[in-house]
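Peer 1: Quick note on full-length UniProt numbering: the sequence shown kicks off at 1 and runs consecutively.
Each residue gets a CB set at the ideal place from its N, CA and C atoms; glycine is no exception.
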Amino acid sequence: MMRTFVIGVGLTKFEKPGTKPGDYPDWVREAATAALRDAGVSYEQVEQAYAGYVYGDSTAGQRAVYELGVSGIPVVNVNNNCATGSTALFLARQAVAHGVADCALAVGFEKMKPGSLAAMYTDRTNPLGRHLDRMAEIHPREAVPFGPEMFGNAGRDHMARYGSTPDHFLWVAWKNHKHSVDNPYAQFQEEYTMDEIADSRTIYDPLTKLQCSPTSDGAAAAVIVSERFVERAHCWDRAVEITGQSMVTDLESSFSDDTDCMRIVGSHMSREAANRAYREAGIGPEDVDVCELHDCFSTNEVITYEALGFAEEGKGHLLVERAATTYGGDGPVVNPSGGLIAKGHPLGATGLAQCAELTWQLRGDAGRRQVEGADAALQHNLGLGGAAVVTVYRRVS
């Protein structure tokens, strides 16, 4: 495999569904034009494009990318639930790493409806049916949206098994909302007290509203290129290397007789993907300076600390107790962007927004969010059904 680099990133501000001016092609034009400008390349130099979205008709990717030009290049439409954006990134990186293209564009976008996620098609097999059925054998189903129910039950299992408490999950939401204040692209840019988060409406115990990621509209994009492209374009000054990447889908442990809800929502997928990405990159979790982690719900951040190796199994909440994952802590700064909880979660765009944040961090261009001395970064993006994508980035010295 050849070395691969991110040389340009861009995104729109994430906003509440129905409030963002324009439509998804406008948002992709804005985000991708920013990424191309950041890369210093024209759309004519792009050889392949991967367009990720969850809600939309079958060739919405072409319609969105045509805003940049109609050049006849392959445009691949990508849908992998909440891991869609990072899946587009994964495919673009594969094409470049294996010499199929020297310059590929990954874009992600979403135009969502307000309210919690729900099944779009009720006349066919539910892709999450096995997961929901297995969860129901552990915790009887309740009349609540499936997302907070699944991740709330994962939090309940963590508390029962390892002794974490609702306050640990509250702190995660407090931290991420606090980080978002300095992110102009974030849907929410308001700091809350722990009491305000605790007193917001309970969605599914232990999760309150301010511990849940919102539905969002927006787009993000990244330009992925080969080493020879970087050499020809003389753009080492803005290149960030992807040194490791892995996608893992559900394992047998997701459905086994001894499973728990943490595994059902992807903890084992995330652990395996992280281990593979670390091996390819030649680093360990102790080397990570900054991380964008899929905190769709605050419980998942604590669980994923363990999956990514930042804490031993069952001890993720101990990172919370010593404030290890924020500025000044002794662990990686996690979700300096505000994470999904505060930045927003337009499903197809989320993974590429994470890529953008980490690219800025490693370049030293993150402004007031900057993690001092950031050299290695980790991205974790998760989709139920399921897929976990973990990507390691390194600053080019």
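According to the neighbour-count rule (16 or more other Cβ atoms, all chains shown, within 10 Å of its Cβ), is ALA118 buried or exposed?
Peer 2: exposed
Peer 1: Does the separation of the CB atoms of SER226 and ARG3 fall below 9 Å?
Peer 2: Yes. Within cutoff.
Peer 1: Can you tell me whether DSSP reads GLY266 as helix, strand or coil?
Peer 2: coil
Peer 1: Under three-state DSSP, which class holds PHE146?
Peer 2: helix
Peer 1: From which residue to which residue does the beta strand (DSSP E) around ASN381 run?
Peer 2: 376-383
Peer 1: Which residues does DSSP pair with THR208 in a beta bridge?
Peer 2: Note: THR208 is bridge-paired with THR202 in the DSSP secondary-structure output.
Peer 1: Taking the C-alpha atoms as reference points, what is the distance between GLY309 and MET112?
Peer 2: 33 Å
Peer 1: Return helix, strand or coil for GLY314, following the three-state DSSP convention.
Peer 2: Here GLY314 sits in coil by DSSP.
Peer 1: Can you tell me where the beta strand (DSSP E) holding GLU292 begins and where it ends?
Peer 2: 290-292
Peer 1: How many angstroms separate the CA atom of ASN300 from the CA atom of TYR162?
Peer 2: 14 Å
Peer 1: Work out the CA separation of GLY18 and CYS212 for me, nearest whole Å.
Peer 2: 19 Å
Peer 1: Report the rounded CA-to-CA distance for LEU251 versus LEU384, giving the unit in angstroms.
Peer 2: 12 Å
Peer 1: Who does SER246 pair with in a DSSP beta bridge?
Peer 2: VAL390.
Peer 1: Is DSSP giving ASN300 helix, strand or coil here?
Peer 2: helix
Peer 1: From the DSSP output, in three-state form, read off ALA366 for me.
Peer 2: coil
Peer 1: Apply the 10 Å Cβ neighbour rule to ALA136 and answer buried if 16 or more other Cβ atoms are within range, or exposed otherwise.
Peer 2: exposed
Peer 1: For SER42, does the count of other Cβ atoms within 10 angstroms reach 16, so buried, or fall short, so exposed?
Peer 2: Exposed, since its Cβ has fewer than 16 Cβ neighbours within 10 Å.
Peer 1: Would you call the segment 127-144 in contact with the segment 95-114, where contact means no fewer than 3 C-beta pairs closer than 8 Å?
Peer 2: no
Peer 1: Can you name, in chain order, every residue of its own chain whose Cβ lies under 6 Å from the Cβ of ALA32, other than the five neighbours on each side?
Peer 2: LEU68, VAL107, ALA221
Peer 1: Below 6 Å CB to CB, which residues in the same chain sit around ARG368 once its five sequence neighbours on both sides are set aside?
Peer 2: ASP182
Peer 1: If we ignore side chains and look at the alpha-carbon of each, how far apart do ASP57 and ASN77 end up?
Peer 2: 10 Å
Peer 1: Please report the straight-line C-alpha distance between PRO148 and ASN81, rounded to a whole angstrom.
Peer 2: Taking C-alpha positions only, PRO148 is separated from ASN81 by approximately 16 Å.
Peer 1: So, at 6 Å on beta carbons, what are the nonlocal neighbours of PHE5 in its own chain, with the 5 sequence-adjacent residues on each side left out?
Peer 2: A distance below 6 Å between beta-carbons, with the five flanking residues on each side excluded, links PHE5 to the following residues of its chain, in chain order: VAL225, VAL230, ALA239, GLU241.
Peer 1: Between the C-alpha atoms of SER249 and ALA154, what's the straight-line distance to the nearest angstrom?
Peer 2: Here residue 249 is Thr; the residue named in the question, Ser, does not match the sequence. Approximately 18 Å, taken between the alpha carbons.
Peer 1: Answer yes or no: do THR350 and SER180 have a C-beta to C-beta separation smaller than 9 Å?
Peer 2: Against a cut-off of 9 Å, the Cβ pair of SER180 and THR350 comes out as no contact.
Peer 1: Can you name, in chain order, every residue of its own chain whose Cβ lies under 8 Å from the Cβ of GLU44, other than the five neighbours on each side?
Peer 2: GLY69, SER71
Peer 1: Whole angstroms are fine: how far does the CA of HIS168 sit from the CA of SER256?
Peer 2: 28 Å
Peer 1: Counting only the same chain and skipping the five closest in sequence on each side, list residues whose C-beta sits under 6 Å from that of ASP260.
Peer 2: Listed in chain order, the non-local C-beta contacts of ASP260 below 6 Å within the same chain comprise ASP157, local neighbours out to five positions each way being set aside.
Peer 1: Start and end of the alpha helix (DSSP H) containing SER226?
Peer 2: From DSSP, SER226 is part of no alpha helix (DSSP H) but of the beta strand (DSSP E) over 218-226.
Peer 1: Along the beta strand (DSSP E) that carries GLN94, what are the first and last residues, could you check?
Peer 2: No beta strand (DSSP E) holds GLN94; the alpha helix (DSSP H) holding it covers 84-97.
Peer 1: Any idea what DSSP makes of TYR327, helix, strand or coil?
Peer 2: coil
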